[in-house]
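Novice: Handing you this structure, nothing more for now.
Protein chains: 2
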Amino acid sequence: MQAWKEYQSKNKDRFLNELLELLRIPSISARSEHKADMKKCAEAVKERLLQAGADKAEIFETSGYPVVYGEKMVDPTKPTVLVYGHYDVQPPDPLELWHSGPFEPVIKDDKIYARGACDDKGQFYMHIKAFETMVQTNSLSTNLKFIIEGEEEVGSPNLATFIKEKKDMLKADVILISDTAMLSLQTPSIDVGVRGLTYIEVEVTGPNRDLHSGVYGGAVANPITILAKMIASLHDENNHITIPGFYDDVLESNDTERAEMAKAPYDEDEYKQDLGVKELWGEKGYTTNERTGIRPTLEVNGIWGGYTGEGAKTVLPSKAFAKISCRLVPNQTSAKMTEVLIKHIESIAPGGVSVKASEHHGGDPYLTPVDSIEYQAAAKAIETTFGKSPIPVRGGGSIPITSLFQSMLGLKTVFLGFGLDSDNLHSPNEKFDLANFYKGIETIPYFHKYFAEMKGD
Amino acid sequence: MQAWKEYQSKNKDRFLNELLELLRIPSISARSEHKADMKKCAEAVKERLLQAGADKAEIFETSGYPVVYGEKMVDPTKPTVLVYGHYDVQPPDPLELWHSGPFEPVIKDDKIYARGACDDKGQFYMHIKAFETMVQTNSLSTNLKFIIEGEEEVGSPNLATFIKEKKDMLKADVILISDTAMLSLQTPSIDVGVRGLTYIEVEVTGPNRDLHSGVYGGAVANPITILAKMIASLHDENNHITIPGFYDDVLESNDTERAEMAKAPYDEDEYKQDLGVKELWGEKGYTTNERTGIRPTLEVNGIWGGYTGEGAKTVLPSKAFAKISCRLVPNQTSAKMTEVLIKHIESIAPGGVSVKASEHHGGDPYLTPVDSIEYQAAAKAIETTFGKSPIPVRGGGSIPITSLFQSMLGLKTVFLGFGLDSDNLHSPNEKFDLANFYKGIETIPYFHKYFAEMKGD
Numbered sequence: 001m002q003a004w005k006e007y008q009s010k011n012k013d014r015f016l017n018e019l020l021e022l023l024r025i026p027s028i029s030a031r032s033e034h035k036a037d038m039k040k041c042a043e044a045v046k047e048r049l050l051q052a053g054a055d056k057a058e059i060f061e062t063s064g065y066p067v068v069y070g071e072k073m074v075d076p077t078k079p080t081v082l083v084y085g086h087y088d089v090q091p092p093d094p095l096e097l098w099h100s101g102p103f104e105p106v107i108k109d110d111k112i113y114a115r116g117a118c119d120d121k122g123q124f125y126m127h128i129k130a131f132e133t134m135v136q137t138n139s140l141s142t143n144l145k146f147i148i149e150g151e152e153e154v155g156s157p158n159l160a161t162f163i164k165e166k167k168d169m170l171k172a173d174v175i176l177i178s179d180t181a182m183l184s185l186q187t188p189s190i191d192v193g194v195r196g197l198t199y200i201e202v203e204v205t206g207p208n209r210d211l212h213s214g215v216y217g218g219a220v221a222n223p224i225t226i227l228a229k230m231i232a233s234l235h236d237e238n239n240h241i242t243i244p245g246f247y248d249d250v251l252e253s254n255d256t257e258r259a260e261m262a263k264a265p266y267d268e269d270e271y272k273q274d275l276g277v278k279e280l281w282g283e284k285g286y287t288t289n290e291r292t293g294i295r296p297t298l299e300v301n302g303i304w305g306g307y308t309g310e311g312a313k314t315v316l317p318s319k320a321f322a323k324i325s326c327r328l329v330p331n332q333t334s335a336k337m338t339e340v341l342i343k344h345i346e347s348i349a350p351g352g353v354s355v356k357a358s359e360h361h362g363g364d365p366y367l368t369p370v371d372s373i374e375y376q377a378a379a380k381a382i383e384t385t386f387g388k389s390p391i392p393v394r395g396g397g398s399i400p401i402t403s404l405f406q407s408m409l410g411l412k413t414v415f416l417g418f419g420l421d422s423d424n425l426h427s428p429n430e431k432f433d434l435a436n437f438y439k440g441i442e443t444i445p446y447f448h449k450y451f452a453e454m455k456g457d
Numbered sequence: 001m002q003a004w005k006e007y008q009s010k011n012k013d014r015f016l017n018e019l020l021e022l023l024r025i026p027s028i029s030a031r032s033e034h035k036a037d038m039k040k041c042a043e044a045v046k047e048r049l050l051q052a053g054a055d056k057a058e059i060f061e062t063s064g065y066p067v068v069y070g071e072k073m074v075d076p077t078k079p080t081v082l083v084y085g086h087y088d089v090q091p092p093d094p095l096e097l098w099h100s101g102p103f104e105p106v107i108k109d110d111k112i113y114a115r116g117a118c119d120d121k122g123q124f125y126m127h128i129k130a131f132e133t134m135v136q137t138n139s140l141s142t143n144l145k146f147i148i149e150g151e152e153e154v155g156s157p158n159l160a161t162f163i164k165e166k167k168d169m170l171k172a173d174v175i176l177i178s179d180t181a182m183l184s185l186q187t188p189s190i191d192v193g194v195r196g197l198t199y200i201e202v203e204v205t206g207p208n209r210d211l212h213s214g215v216y217g218g219a220v221a222n223p224i225t226i227l228a229k230m231i232a233s234l235h236d237e238n239n240h241i242t243i244p245g246f247y248d249d250v251l252e253s254n255d256t257e258r259a260e261m262a263k264a265p266y267d268e269d270e271y272k273q274d275l276g277v278k279e280l281w282g283e284k285g286y287t288t289n290e291r292t293g294i295r296p297t298l299e300v301n302g303i304w305g306g307y308t309g310e311g312a313k314t315v316l317p318s319k320a321f322a323k324i325s326c327r328l329v330p331n332q333t334s335a336k337m338t339e340v341l342i343k344h345i346e347s348i349a350p351g352g353v354s355v356k357a358s359e360h361h362g363g364d365p366y367l368t369p370v371d372s373i374e375y376q377a378a379a380k381a382i383e384t385t386f387g388k389s390p391i392p393v394r395g396g397g398s399i400p401i402t403s404l405f406q407s408m409l410g411l412k413t414v415f416l417g418f419g420l421d422s423d424n425l426h427s428p429n430e431k432f433d434l435a436n437f438y439k440g441i442e443t444i445p446y447f448h449k450y451f452a453e454m455k456g457d
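Those protein sequences? They're chains A and B, same order as listed. Residue numbers for the first sequence, in UniProt numbering: 1 to 457. Residue numbers for the second sequence, in UniProt numbering: 1 to 457.
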C-alpha cells in the first residue's frame with residue numbers, strides 16, 4: 001500500500017530514535033537490582049502503545065514484573081490479532097566483550113548495537129510502529145491486542161496466571177510474535193517450530209567445608225571433579241545424550257521433511273568462520289540445521305566452584321555448581337524431561353558427595369502448521385515485501401509461552417521473525433540491522449491485511 | 001628449664017594479644033588490593049623481632065612483597081638456626097561460611113579463630129616469643145636468624161632471588177620451620193616429608209563469543225562440556241591419575257615404611273564424620289594416610305565458565321576455565337611434572353576448541369632424614385615437653401622453599417609444626433588451639449638447646 005510506504009518513510013528516523021530510547025533502559029529481569037528499570041520500561045511501553053493509537057493501555061502487576069497490555073478494537077466482526085513481545089532483556093555480561101555500552105545503543109554499519117536491540121525490544125517495537133502506520137492511514141483490517149511482558153528471559157513464571165485471569169480480555173483469533181530470526185533478507189524464512197526448554201541448577205556437595213588440597217587432596221571426593229565426571233557422562237562418543245528415556249518422546253522427522261529442511265542455504269565454512277571454530281561438534285548422523293532444529297540438545301550454561309579469583313589457592317572445595325538446560329522437540333514436554341533430567345543427575349552421583357538438582361524454568365516445543373491461515377497470511381506478507389516466498393524452518397530457540405497460548409486460549413501462534421542468527425542474542429554486542437527493523441515495519445501491516453481477508457473468506 | 005617456664009607463664013596473655021594484633025592485618029598476598037596491608041604486616045613483624053631482642057631487623061624489598069629479616073648473633077662459634085615463616089595468608093573466601101570475621105580474631109573454646117591463626121602467623125610467632133624467652137633469660141644456646149616472607153601462599157616467586165643475593169647473610173646450620181601440623185598433643189609427630197606442588201590454570205575456548213544455546217546448542221562444542229570431559233579423563237575408575245608419565249619418578253615406599261606409617265592413629269569413622277562425608281574417595285590400593293602422604297594427587301581447585309549469576313541464562317559460553325594442581329612426592333620435580341601436566345592437558349583438547357594451559361607456581365617435594373641431628377634435636381625437644389617421642393609422618397602439604405634452601409644454601413630443614421589437621425587451613429574458620437600455641441613456645445627453646453649440644457658433640 002502506497003500510503004503505508006509514504007507514512008513510514010516520512011517517520012523513519014523517529015521510529016528509530018524511539019527504539020533507541022527504549023534500548024537505553026537496562027530492563028534485566030534476571031537481576032533484582034534492576035526492579036526500577038523494569039518499572040520504567042513497562043511505563044515507556046504503555047506510553048508508546050497509547051501514542052501509536054491504542055484505545056487503552058494498561059500495566060498489570062503480577063507477583064513478578066508487570067505485563068503491559070494495549071488494544072484497539074475497530075470492529076467486533078473483524079478478526080483479532082494478539083501481538084506478544086517482551087520488554088525484558090538478558091543480562092549483558094561478560095561486559096568487557098562489548099564494543100560499546102550494552103545500554104548505550106549505537107548505530108554502526110547500519111546496525112543497532114544494544115542489549116535487546118533484536119531480542120526483543122527491536123522486534124516488538126516493529127509491531128507498535130506498524131500498528132501506528134495502519135492507524136494513521138485509517139487502514140486497520142483487524143482488531144489489535146498487545147501483551148508485552150517483562151519476564152520472558154526468566155521463563156515467564158507469572159504469565160500463565162495472568163492469562164488465566166484475563167482470559168476474556170485476551171480473546172483473539174491468532175497470536176503474532178516477532179522474537180525469532182530469518183535466514184537472511186535475501187532468503188526470507190518463517191519459523192514453523194521452536195524447541196522447548198528445561199533448565200536446572202545442580203549443586204554437588206563433598207566435604208562440609210573447603211579443605212586444604214595438600215592435607216586432604218587424594219583422600220576426599222572433590223565436588224568439581226565429580227561434577228565434571230557427571231557432565232562428561234551426559235554425552236557419549238557420538239554426542240548422543242545418554243540420559244535414559246531422553247529420546248523416548250522425540251517425534252522423528254521423516255526423510256521428506258529432512259529433505260525440505262536441507263533446502264535452506266547453509267555454508268559450513270562460513271558458519272565455522274563466523275564462530276571462529278575449526279571444527280563443528282554435534283550429534284552424529286544429523287546436519288547442523290537438524291542439530292539446532294529437530295534434535296533435542298543438552299548444554300551446560302554455567303559452571304562454578306572452588307577458587308575462581310586472581311592467583312592460586314590450594315583448596316579442595318566443599319561445593320560445585322552447574323546450570324544445565326535442554327532444548328526439547330515435539331513431542332517432548334518440559335515437565336517430563338525436567339523430571340527425567342533431575343532423576344538422572346541425582347542417580348549418577350557417586351557416594352562421597354550429595355547432589356541437589358532444582359528446576360529453573362521450562363517450556364514445551366511448538367509447531368505451526370504450514371497449511372494454517374496464520375502461516376499462509378505471514379508467507380503472503382513476506383512474499384509481498386520480499387518478492388519471494390519464505391522457507392519454513394525449525395528454529396532452535398524456545399518460546400515457551402506459545403504452548404501456554406495454545407492450551408489456555410486455544411490459539412495458534414505465527415512467528416514473524418525479522419532477526420538474524422548473527423544478531424548475537426544473549427551475547428555481547430547484540431545487534432539488529434536497520435534494514436531488518438524497517439522491513440519488519442513494512443511487512444507486518446500486510447499480515448493483518450491478508451489474515452483478515454483469509455479469515456473473511 | 002624453670003626460668004623459661006616462669007617467664008612464659010608470666011607473659012602468656014601478652015604473647016597472645018600480640019598475635020591477635022598481627023592477625024587483624026589482612027595480609028592476603030594473592031589479592032593486589034591488599035598491598036598496603038602487606039606492607040603494614042611486614043613492618044609489624046620487623047618491630048616484633050626487635051622488641052623480642054634481635055640485634056637488627058630489616059625489611060628487604062623484592063619485586064613482589066618484602067621479606068622481613070632479623071638476627072641475633074651471640075657467638076660465632078655457636079651453631080646458627082635460621083627460622084623461616086611467612087606473614088602472608090590465603091584469601092578468606094567464601095566469607096559467608098565464617099562464624100566470625102577472618103580478620104577479627106576471636107577466642108572460642110580455647111581456640112584462636114582467624115585467617116592465619118595457624119598458617120602461618122600463629123606458628124612463626126611462637127618462634128619470636130621463644131626467642132624472646134631465651135633472650136630475657138640469658139639462655140641463648142644458638143645464633144638466630146629469621147626470614148619471614150610475604151609470598152608463601154602464592155608460591156614464593158621472589159624468594160630464590162632474595163636467597164641468592166643474601167647468601168652470606170643467611171649462612172646457618174639448619175632451617176627451622178613451623179608451618180605444618182602434628183597428629184595431636186597426645187600423639188606428637190614430626191613431618192619428615194612434604195609433598196611438592198605444580199599448579200596450572202587452564203583456559204578452554206570454543207566459539208569466539210557467547211552464543212544463544214537455543215540457536216547454536218547442539219552444533220558447536222561447549223567449552224564447559226569439553227573442559228568437564230577433560231577433567232573427568234584425568235582419573236580412571238580406580239582413581240589412578242591417567243596422565244602418561246605421571247608416576248614415572250615416584251619413589252615407591254617399601255612395606256617397612258608403609259608399616260611404620262600405619263602406626264599413626266587413624267579412625268576412619270571419625271575422619272568421615274569430621275568432613276561430613278559418607279564415603280571416602282581415593283587411589284585404589286592405598287590407605288588414607290598414604291593417599292595424603294606418599295602418593296601424588298591431582299585436584300581441581302577452581303572452575304568457572306558461562307553464566308554463574310542469579311537466575312537462568314541460556315548461553316553457550318565462549319570460554320571455560322579451571323585451576324588444577326598436583327601434589328608431588330619424591331622423586332618427582334615440579335618443573336618436569338608441570339610440563340607433563342600442561343602437555344597432556346593440551347594434547348587431550350578435541351578439535352572445535354583451543355586450550356591454553358599456564359603455570360601458576362610450584363615446588364619440589366622434600367624429605368628430612370630421621371637420623372639427622374636436626375631431626376634428633378627436634379624429637380628430643382618434643383619428648384621433653386610432651387613426655388613422649390614423636391611419630392615421624394609424611395605431610396600432605398607443600399613447602400616448596402625447603403628444596404630451595406637445600407639447593408641454594410645447602411641446608412636441611414626440620415619441620416617443628418604445632419598445628420592440627422583440623423585447623424581449617426585455607427578454609428573458613430581457620431583456628432589455632434591456645435594449647436598448641438603455648439606448647440610450641442615452650443618446646444622451641446629446647447630445640448635450640450639440644451641442637452647446640454648435639455652439634456657441639
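Glycine residues also receive a C-beta, built at the ideal position from the N, C-alpha and C atoms.
Let's see if you can read the secondary structure: which residues bound the beta strand (DSSP E) around F415 (chain B)?
Specialist: First-last of the beta strand (DSSP E) with F415 (chain B): 413-415.
Novice: I'd like to know whether the C-beta of W281 (chain B) is nearer than 8 Å to at least one C-beta of chain A.
Specialist: True, the Cβ-Cβ gap to chain A drops below 8 Å.
Novice: Quick one: is K145 (chain B) buried, meaning 16 or more other Cβ sit within 10 Å of its Cβ, or exposed?
Specialist: Buried, by the Cβ-count rule.
Novice: Below 8 Å between beta carbons: does that hold for D179 (chain B) and Q90 (chain B)?
Specialist: No. Outside cutoff.
Novice: Decide if the segment 102-111 of chain A is in contact with the segment 167-183 of chain A; the criterion is three or more beta carbon pairs, one per stretch, under 8 Å apart.
Specialist: Verdict: no, contact absent.
Novice: I want to see whether chain C comes within less than 8 Å of D248 (chain A), judged by CB atoms only; does it?
Specialist: The structure shown contains no chain C; its protein chains are A and B.
Novice: For K275 (chain A), name the three-state secondary structure that DSSP assigns.
Specialist: First, the amino acid is wrong: residue 275 (chain A) is Leu here, not Lys. Helix.
Novice: Can you find a CB in chain A that lies within less than 8 Å of the CB of N238 (chain B)?
Specialist: Judged by the 8 Å Cβ criterion, N238 (chain B) is not in contact with chain A.
Novice: Which of helix, strand or coil does DSSP assign to D421 (chain A)?
Specialist: It is helical.
Novice: So, under 8 Å CB-CB, K167 (chain B) and L409 (chain B) are touching, yes? Tell me the CB distance rounded to an integer number of Å.
Specialist: That belief holds up - the Cβ atoms of K167 (chain B) and L409 (chain B) are roughly 7 Å apart, short of 8 Å.
Novice: Around the C-beta of D120 (chain A), are 16 or more other C-beta atoms found within 10 angstroms, so that it is buried, or is it exposed?
Specialist: Burial call: buried.
Novice: Measure from the alpha carbon of L411 (chain A) to the alpha carbon of each residue in A:W98, A:G417, A:T402, then state which is nearest.
Specialist: Comparing Cα positions, the closest option is A:T402.
Novice: Starting from K431 (chain B), follow the beta strand (DSSP E) in both directions and report where the run begins and ends.
Specialist: K431 (chain B) -> beta strand (DSSP E) spans 431-433.
Novice: What residues in the segment 44-73 of chain A have a beta carbon less than 9 Å from any beta carbon of chain B?
Specialist: Under the 9 Å Cβ criterion, the segment 44-73 of chain A contributes no residue.
Novice: Compile a chain-ordered list of the residues in the segment 292-304 of chain A whose CB is closer than 7 Å to at least one CB of chain B.
Specialist: Taking 7 Å as the Cβ-Cβ cut-off against chain B, the residues of the segment 292-304 of chain A that qualify are T292, R295, T297, E299, V300, N301, G302, I303, W304.
Novice: I need the DSSP call for E260 (chain B), collapsed to helix, strand or coil.
Specialist: Note: E260 (chain B) maps to helix in three-state DSSP.
Novice: So, with DSSP's three-state summary, where would you put A181 (chain A)?
Specialist: Correct three-state label for A181 (chain A): strand.
Novice: When the Cβ atoms of the segment 267-284 of chain A are set against those of the segment 311-330 of chain A, are three or more pairs found closer than 8 Å?
Specialist: Short answer: they don't touch.
Novice: How would you write the range of the alpha helix (DSSP H) that G293 (chain B) sits in, first residue to last?
Specialist: Residues 288-293.
Novice: Using the Cβ count rule (16 or more neighbours within 10 Å means buried), how would you classify N254 (chain A)?
Specialist: Classification of N254 (chain A): exposed, given that the 10 Å Cβ count is below 16.
Novice: Going by beta carbon distance, what residues of the same chain come within less than 6 Å of K331 (chain B), once the five residues before and after it are set aside?
Specialist: Position check: residue 331 (chain B) holds Asn in this sequence, whereas Lys was assumed. Same-chain partners within the cutoff: D249, L251.
Novice: Look at the alpha carbon of A130 (chain B) and the alpha carbon of F103 (chain B), and state the distance between them as a whole number of angstroms.
Specialist: Going by the C-alpha atoms only, they are around 25 Å apart.
Novice: Return no unless some Cβ of chain B is closer than 8 Å to the Cβ of S347 (chain A).
Specialist: No, no contact with chain B.
Novice: Roughly how many angstroms separate the alpha carbons of Y199 (chain B) and I348 (chain A), rounded to a whole number?
Specialist: Distance between the alpha carbons of Y199 (chain B) and I348 (chain A): 29 Å.
Novice: Which of helix, strand or coil does DSSP assign to V215 (chain B)?
Specialist: Residue state, collapsed to three classes: coil.
Novice: Can A232 (chain B) be considered in contact with the ligand ADP, in the sense that its beta carbon sits closer than 7 Å to one or more heavy atoms?
Specialist: In terms of ligand content, the structure shown is empty, and the ligand ADP therefore cannot be addressed.
Novice: In the segment 415-429 of chain A, which residues sit with their C-beta less than 7 Å from some C-beta in chain B, listed in chain order?
Specialist: So the close ones are D421, N424, L425, H426, S427, P428.
Novice: For a quick check, are the C-beta atoms of L234 (chain A) and L298 (chain A) less than 8 Å apart?
Specialist: A contact, by the Cβ cut-off of 8 Å.
Novice: Among all the DSSP beta bridges, which residues are the ones paired with D191 (chain A)?
Specialist: Answer is A:V393.
Novice: Look at the alpha carbon of Q116 (chain A) and the alpha carbon of E6 (chain A), and state the distance between them as a whole number of angstroms.
Specialist: For the sequence presented, residue 116 (chain A) should be read as Gly rather than Gln. Their Cα atoms are separated by approximately 28 Å.
Novice: Buried or exposed for Q51 (chain A), please, with buried defined as at least 16 other CB atoms from any protein chain shown within 10 angstroms of its CB.
Specialist: The residue in question, Q51 (chain A), is exposed, as its Cβ has fewer than 16 Cβ neighbours within 10 Å.
Novice: Could you name the residues of the segment 249-265 of chain B whose beta carbon sits closer than 7 Å to any beta carbon of chain A, in the order they occur along the chain?
Specialist: Under the 7 Å Cβ criterion, the segment 249-265 of chain B contributes no residue.
Novice: Kindly indicate which three-state DSSP category S358 (chain A) falls into: helix, strand or coil?
Specialist: S358 (chain A): strand per DSSP, three-state reduction.
Novice: Taking all protein chains shown into account, decide if G351 (chain B) is buried (16 or more other Cβ within 10 angstroms of its Cβ) or exposed.
Specialist: Flag for G351 (chain B) reads exposed.
Novice: On the DSSP letters alone, give me the boundaries of the beta strand (DSSP E) that V135 (chain B) sits inside.
Specialist: Careful: V135 (chain B) lies outside any beta strand (DSSP E), inside the alpha helix (DSSP H) at 121-136.
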